[in-house]
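K.L.:
Quick one: the structure is below, questions incoming.
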Amino acid sequence: MTTLGKTLTVIIVLLSICLMMFAGAVYKSGRGWRTEADGLRKQLNDTNNNLTQAQKELESVKTKLTQERDAQKDTANEALASLNELKDDYEEQENLLTNARQERDVAVRQSEIANQEAEFKRQEAEALREANAKLQQDTNELSQKNRELNDEIYNRELEIAEVTEKHTRLVDQYATLQEVLAHNNIDPDPAAHKGLTSPPPVVEGLVLDTRTITRSNTTLVNISIGSDDGLAVGHTMYVYRPQAADGTPAQYLGKLKITRVTPDQAVGELVLASKNGIIARGDNVTTKL
Numbered sequence: 355m356t357t358l359g360k361t362l363t364v365i366i367v368l369l370s371i372c373l374m375m376f377a378g379a380v381y382k383s384g385r386g387w388r389t390e391a392d393g394l395r396k397q398l399n400d401t402n403n404n405l406t407q408a409q410k411e412l413e414s415v416k417t418k419l420t421q422e423r424d425a426q427k428d429t430a431n432e433a434l435a436s437l438n439e440l441k442d443d444y445e446e447q448e449n450l451l452t453n454a455r456q457e458r459d460v461a462v463r464q465s466e467i468a469n470q471e472a473e474f475k476r477q478e479a480e481a482l483r484e485a486n487a488k489l490q491q492d493t494n495e496l497s498q499k500n501r502e503l504n505d506e507i508y509n510r511e512l513e514i515a516e517v518t519e520k521h522t523r524l525v526d527q528y529a530t531l532q533e534v535l536a537h538n539n540i541d542p543d544p545a546a547h548k549g550l551t552s553p554p555p556v557v558e559g560l561v562l563d564t565r566t567i568t569r570s571n572t573t574l575v576n577i578s579i580g581s582d583d584g585l586a587v588g589h590t591m592y593v594y595r596p597q598a599a600d601g602t603p604a605q606y607l608g609k610l611k612i613t614r615v616t617p618d619q620a621v622g623e624l625v626l627a628s629k630n631g632i633i634a635r636g637d638n639v640t641t642k643l
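Quick note: the sequence shown uses my numbering, first residue 355, plus one each step.
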């Protein structure tokens, strides 16, 4: 219970007492109203005095309560102002903290970026160093190779000079040989003398025709195989007649020297005739008996 409530309770109790006393006085007035009137007057005065005193006390209490209320109100206002100030300080500190955190985050990010850039530059410098080392190595190798190539070019130039000189000498020799061959009626074509330098392959064919030149007493035999079969001028062929169906034994008829060759035929000169018979169309020819 507050002080105001207690004060009001006391006042009510006093008023109740006064009313009871007043009621008692009225009751006694029936026996002596004057005495009672004086007594009542005195009681009334006392009651008025008490009431006045109570009112003074009430005013004092009200004043005190008002002062306390005003003091508490001032205290509350001061506390509220202090609270608002603290709230402002808190908000300011919170803002400062937020700004500090943001600045810290920015600084951390900038530091990370700086570290990344430093790492990138370090790697780039390392790569450049390796590239420079590789370039220097390649340069040294290329210089060495260039010296080797220059030496090789010099040697090749010497070889070319020697080959050129040899070529000139061979051309002169070839021209001289051409003149000698022409003077001796010798065909300069190597194909015309292939049969003299390489043996003939093992091939067989047939006599297609024979012709005798009376003036030179030469027999020419046309056969069914030629250069496509490996024959060349100068090769030797043998002519024979196989065993007949009636039992007549095989006969060797002579040897030919090839004098002219086409892809599928050749002409040979009979250089050694046999006395066993005369070469005729259909007889066999072979490079190896």
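Glycine is no exception: its CB is placed at the ideal position from the N, C-alpha and C atoms.
With H, G and I counted as helix, E and B as strand and the rest as coil, what does DSSP make of lysine 360?
P.N.:
Lysine 360 falls in the helix class under three-state DSSP.
K.L.:
Which residues does DSSP list as the beta-bridge partners of glycine 622?
P.N.:
Its beta-bridge partners are Val575 and Ile612.
K.L.:
Helix, strand or coil for isoleucine 371, going by three-state DSSP, please let me know.
P.N.:
It is helical.
K.L.:
Three-state secondary structure (DSSP) at isoleucine 633?
P.N.:
Three-state DSSP puts isoleucine 633 in coil, outside helix and strand.
K.L.:
Taking the runs of the beta strand (DSSP E) that are 3 residues or longer, which of them lie wholly in the region 395-481?
P.N.:
Taking only runs of at least 3 residues, no beta strand (DSSP E) segment lies wholly in the region 395-481.
K.L.:
How should isoleucine 612 be labelled, buried or exposed, when 16 other C-beta atoms within 10 angstroms of its C-beta is the threshold for buried?
P.N.:
Per the 10 Å Cβ criterion, buried.
K.L.:
Kindly indicate which three-state DSSP category arginine 501 falls into: helix, strand or coil?
P.N.:
Correct three-state label for arginine 501: helix.
K.L.:
Can you tell which of Leu358, His589 and Thr640 has the C-alpha that lies nearest to the C-alpha of glutamate 422?
P.N.:
If we check each option's Cα against that of glutamate 422, Leu358 comes out closest.
K.L.:
From the DSSP output, in three-state form, read off valine 587 for me.
P.N.:
Valine 587 falls in the coil class under three-state DSSP.
K.L.:
May I ask you to report which of helix, strand or coil DSSP gives glycine 580?
P.N.:
Glycine 580: coil per DSSP, three-state reduction.
K.L.:
Kindly indicate which three-state DSSP category glutamine 532 falls into: helix, strand or coil?
P.N.:
The answer is helix: DSSP assigns glutamine 532 an H, G or I state.
K.L.:
Contact between the region 426-443 and the region 394-405: three or more CB pairs below 8 Å?
P.N.:
No contact exists between the region 426-443 and the region 394-405.
K.L.:
Valine 639 and tyrosine 592 - do their beta-carbons sit closer together than 8 Å?
P.N.:
Taking 8 Å as the Cβ cut-off, tyrosine 592 and valine 639 qualify as a contacting pair.
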